[in-house]
Amino acid sequence: MIIKNVKNQVGLKHIAIELGVSLTTVSRALNDAPDIGEALKAKVRQKAIELKYTPNQFAKSLSTGRSNIIAIFVDSLVSPYFSLVVEMMARRIKEKGFTLSLIPIDHVYTEKEDVKAALAAGVAGIITFPIPKVDAIETAAISSRPILLFGRGCDNKNINVIYTDDVQGGYIAAKYLHEQGHEKLVYVAGGIDEVNKYRLGGFAKYCDEHGLQYETINTDDFDPEFTALLKKGYKGVFAFDDQLASRVRWAHPNEGVDVVGFNGIGQFPFMPIEYTLFPSISGDYEKMVSDAIDLIVELIKKEDDEFECVKTKYEVHLIK
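Take the sequence shown: its position 13, counting from 1, is numbered 13 in this note's numbering, and each next residue is one higher.
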């Protein structure tokens, strides 16, 4: 999708004519009125994006200048991975002359209301760790505010994405466990279905290529399920992230279990020793953060130029 950050050139009437609905209906749909159906709201938002419509309040802010605030949505304040990456982002954002606004959200996906709240606060751009829902992406696009998803892949073509190659990571993890002598492997899934799909995909691909048996378990039933699999000889474990890998490592320290995590946080200084007790899949997070901040700042400043959404996938490697 091509988005253009310019002053308002299209009015509500243009959208109404295109869709064959009333001006009032368009206005109420864009303002999320409860009496307008979700399907119609989605059509109006999509048409607004196609026509590069900018609501009046945002057109006014474009003409007078944007704020220097970049909002960052996170769904965890206790995860070592999020803490490390946000700290790197904060430094880079400051170097670029912008200010960070950290916004914790208590749900798995970034929702439209999260984006609307950030826009109401006048942010210039948004970086999100949780994958945003379609209407959240559309809300940012209509308001001509760039939004960037960091660290997780997303198939939606209307959002900028900087992420690690999760398929490659799963493949490398299975290969390492196989090389340790394991023929029966386990993938411990996390809470993000989209990410699980890719990490498990690479993991399963290697297992299928080499005739290995593998099972998938989730965190809700982890202890009983893994204990049962352990008795059947499933001792090679690839965990969704380092926190889950640490849980496996500490629960089964002397049972011949090999564990691989994801995020490589044990490589960073001052990490607890528990994150150094197993190998992990890692990306070049310093480069990813630098590229992400450079991109969001570039998009914020491109008020008179068109830009196409960028999707950049970074290779990963095993840290022992």
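The beta carbon of each residue, even a glycine, is placed where N, CA and C say it ideally should be.
**Message:** Helix, strand or coil, according to DSSP, for P224 in the structure here?
**Reply:** As a position in the sequence shown, residue 224 is number 224, starting the count at 1. Of the three classes helix, strand and coil, the one that applies to P224 here is helix, per DSSP.
**Request:** Return the CA-CA distance between P146 and I192, expressed in angstroms with no decimal places.
**Result:** Locating residue 146 in the sequence shown gives position 146, where the first residue counts as 1. Locating residue 192 in the sequence shown gives position 192, where the first residue counts as 1. Between P146 and I192, the C-alpha separation is close to 23 Å.
**Item:** Where the alpha helix (DSSP H) through D258 begins and ends
**Value:** Within the sequence shown, the letter at position 258 stands for residue 258. Looking at the DSSP string, D258 is not in any alpha helix (DSSP H); the run it does join, the beta strand (DSSP E), is 258-262.
**Item:** Beta-carbon separation (whole angstroms), F150 vs I127, contact threshold 8 Å
**Value:** Numbered from its first residue, the sequence shown carries residue 150 at position 150. Numbered from its first residue, the sequence shown carries residue 127 at position 127. By a beta-carbon distance limit of 8 Å, F150 contacts I127. Their separation comes to about 6 Å.
**Prompt:** Within the 8 Å Cβ cut-off, does L84 reach chain C?
**Reply:** No chain C is present in this structure, which holds just one protein chain.
**Prompt:** Within this structure, are the beta carbons of A228 and Y214 separated by less than 8 Å?
**Reply:** Position 228 of the sequence shown, counted from the start, is the residue given in the question as residue 228. Position 214 of the sequence shown, counted from the start, is the residue given in the question as residue 214. Not a contact, by the Cβ cut-off of 8 Å.
**Where the alpha helix (DSSP H) through P104 begins and ends** = Here the question's residue 104 lines up with position 104 in the sequence shown. Run containing P104: none in the alpha helix (DSSP H); it sits in the beta strand (DSSP E), 99-104.
**Item:** CB of G153 within 8 Å of CB of L200, strictly
**Value:** Numbered from its first residue, the sequence shown carries residue 153 at position 153. Numbered from its first residue, the sequence shown carries residue 200 at position 200. No, the pair does not count as a contact, with Cβ atoms beyond the cut-off.
**Request:** Would you give the residue range spanned by the beta strand (DSSP E) that V186 belongs to?
**Result:** Stepping through the sequence shown from its first residue, residue 186 is reached at position 186. Unbroken beta strand (DSSP E) run through V186: 184-189.
**Prompt:** Cα separation between I103 and F82?
**Reply:** As a position in the sequence shown, residue 103 is number 103, starting the count at 1. As a position in the sequence shown, residue 82 is number 82, starting the count at 1. Their Cα atoms are separated by approximately 12 Å.
**Request:** Kindly list the residues whose CB is nearer than 6 Å to the CB of R28, restricted to its own chain and excluding five residues on each side of it in sequence; keep chain order.
**Result:** Translated into the one-based positions of the sequence shown, residue 28 becomes position 28. Taken in chain order, the residues that qualify are I36.
**Prompt:** Do S280 and G256 have their C-beta atoms within less than 8 Å of each other?
**Reply:** By one-based count along the sequence shown, residue 280 stands at place 280. By one-based count along the sequence shown, residue 256 stands at place 256. No. Outside cutoff.
**Request:** For E18, I'd like the list of residues in its chain whose CB is within less than 6 Å of its CB, leaving aside the five on either flank, ordered along the chain.
**Result:** What you label residue 18 is simply residue 18 of the sequence shown in a count that begins at 1. So the qualifying residues of the chain are K47.
**8 Å Cβ cutoff met for A345 and N218** = Residue 345 lies beyond the residue range present for the chain, which begins at 1 and ends at 320; the question has no answer from this structure.
**Asked** So the alpha helix (DSSP H) F73 belongs to, where does it begin and stop?
**Response** Numbered from its first residue, the sequence shown carries residue 73 at position 73. Looking at the DSSP string, F73 is not in any alpha helix (DSSP H); the run it does join, the beta strand (DSSP E), is 69-74.
**Message:** I'd like to check one pair, D242 with G211: are the Cβ atoms closer than 8 Å?
**Reply:** To locate residue 211, count along the sequence shown from 1; it is residue 211. To locate residue 242, count along the sequence shown from 1; it is residue 242. Result no, Cβ atoms of G211 and D242 do not sit closer than 8 Å.
**Request:** Flag this pair as yes or no: are the beta carbons of M89 and I319 separated by less than 8 Å?
**Result:** Start at 1 with the first residue of the sequence shown, and residue 89 comes out as number 89. Start at 1 with the first residue of the sequence shown, and residue 319 comes out as number 319. No, Cβ-Cβ distance for M89 and I319 is not below 8 Å.
**Item:** For K404, the first and last residue of its enclosing alpha helix (DSSP H)
**Value:** Shown here, the chain extends from 1 to 320; a query on residue 404 therefore has no answer.
**Prompt:** Distance, Cα to Cα, D220 vs D155?
**Reply:** Stepping through the sequence shown from its first residue, residue 220 is reached at position 220. Stepping through the sequence shown from its first residue, residue 155 is reached at position 155. Computed Cα separation, rounded: 27 Å.
**Asked** Who does P80 pair with in a DSSP beta bridge?
**Response** Position 80 of the sequence shown, counting from 1, holds the residue named residue 80. None; P80 has no bridge partner.
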